[in-house]
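Residue numbers (the numbering used here), protein chains in the order written: chain A, 1 to 185; chain B, 1 to 276. All C-beta atoms, glycine included, are put in the ideal place defined by N, C-alpha and C. The block underneath contains the structure these notes are about, expressed in structure tokens.
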């Protein structure tokens, strides 16, 4: 038995109510993991970004539109839960969800490393956007600190966590018609 | 048909991006009683209990993780602690000498009360239920808010010393900006001696006492406490940490002092808000 991933079907309509309910649960889990668990896990000086990884996984499975909406809502929820200015995380996560979804819709995802590659790229983009936002908000952004203590550790941690989280998200969302299971001969 | 879907997709993303920018602008422009802050408060009423539950449920795992992490750093920590004990022995001897004088002065000005906080100051205990994961913010969310009397600018402490100050409040939660945050400023004082300065955090998490008069003789191991001078939001004498190193350059007007905080910010759990 082999799990074969194909490009996400772009002709389908919005997710069903059942799928929306599952996404809502995933949204709450992502928020709680990001705000109450991730900060206490420090590897190489950085914490894993569960919210970002889950957004990438959802976008890979459900496409760009759902990915963007899920990213927006996750960004809002995380900002509200941390009492941070909301809008910033939402902006970054909309872009992450949209482009991860577009990648899934246009590329051949049969290779198993697609979630890892997408998470790596998403982390890179998100970290740079967050650093730029801090610069615009007139906060210190030392380049050496950003690269050594933020970017590189988070790229490693998030990429490593992408595989197990993708499996969990895929199981929870049941593929939603995006996965095609075929017998390998 | 396909073109319509592409158009819809682009419109959805554009609306979401515009909405994000609009909310970010609104959040920064409005006061704490504005619409965006109001929405935040309402949503937090639902989310905060969930965070509280998750924080409690995951605490054993976090403790186990910290314990495992602590094993790796135990060796180097042991050496550091031995040095600290040596420094503290000297400090205790000095402290005992000054304690009698201090007590006498207190009696003279009738400022007897609890060791740190003046009589009448009320403390509210809360639990850290969330904290920022990005390196750019050093903030935590605690599960007590305006319902318990907490207000913006209240000082937050734990058993080890000063944790930070309240920067945002809703009915049942409050955001605390830690003293390690790059936008945190606390008026500090070196003891003994009483040299004053401004304690500020940084993006790297290092804490520095700045603007200390260059003529003041500061030594490694001296204590840093809040100065509580007029207009300060912190009461006098809250322990902050010890002097780690002193940076004094001839060309500069002030000296900069690296401070090792008493509070272990990685393991924050229960804290107390000092109500003003």
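List the residues of chain B that residue 98 of chain A touches, going by C-beta distances under 7 Å, in chain order. 13
Which runs of the alpha helix (DSSP H) fall wholly inside the stretch 66-145 of chain A and span at least 4 residues, in chain order? 88-106 and 114-136
Is it the case that the Cβ atoms of residue 102 of chain A and residue 64 of chain A are separated by a distance below 8 Å? yes
Partners in chain B for residue 149 of chain A, counting only beta-carbon separations shorter than 8 Å: 135 and 204
Of the residues A/34, A/46 and A/37, the one placed nearest residue 135 of chain B, counting alpha carbons only: A/46
Backbone CA spacing between residue 122 of chain B and residue 196 of chain B [nearest angstrom]: 27 Å
Within 10 angstroms of the Cβ of residue 86 of chain B, are there 16 or more other Cβ atoms? Answer buried if so, exposed if not. exposed
Residue 15 of chain A touches chain B at which residues, Cβ-Cβ below 9 Å? Under the 9 Å cutoff, chain B gives no residues; its nearest Cβ is about 13 Å from residue 15 of chain A.
Start and end residues, beta strand (DSSP E) containing residue 178 of chain B: 174-178
So the candidates are A/57, A/139, A/73 and A/82; which of them puts its Cα closest to the Cα of residue 113 of chain A? A/57
Is the separation between the beta-carbon of residue 237 of chain B and that of residue 228 of chain B shorter than 8 Å? yes
Just to confirm the assignment, what range does the beta strand (DSSP E) spanning residue 245 of chain B have? 239-247
Do residue 23 of chain B and residue 36 of chain B count as a contact pair if the criterion is CB distance below 8 Å? yes
Give me the subset of the stretch 81-106 of chain A whose CB atoms are less than 8 Å from a CB atom of chain B, sorted by chain position. 81, 82, 83, 84, 85, 86, 87, 88, 90, 91, 94, 95 and 98
Taking all protein chains shown into account, decide if residue 164 of chain B is buried (16 or more other Cβ within 10 angstroms of its Cβ) or exposed. buried
What residues of chain B sit near residue 68 of chain A, judged by a beta carbon separation below 7 Å? 12, 13 and 16
Return yes when the C-beta of residue 18 of chain A is under 7 Å from any heavy atom of the ligand NAP, and no when it is not. This structure lacks the ligand NAP; in fact it carries no ligand of any kind.
For a contact defined as C-beta to C-beta under 8 Å, what are the partners of residue 72 of chain A on chain B? 16, 19 and 20
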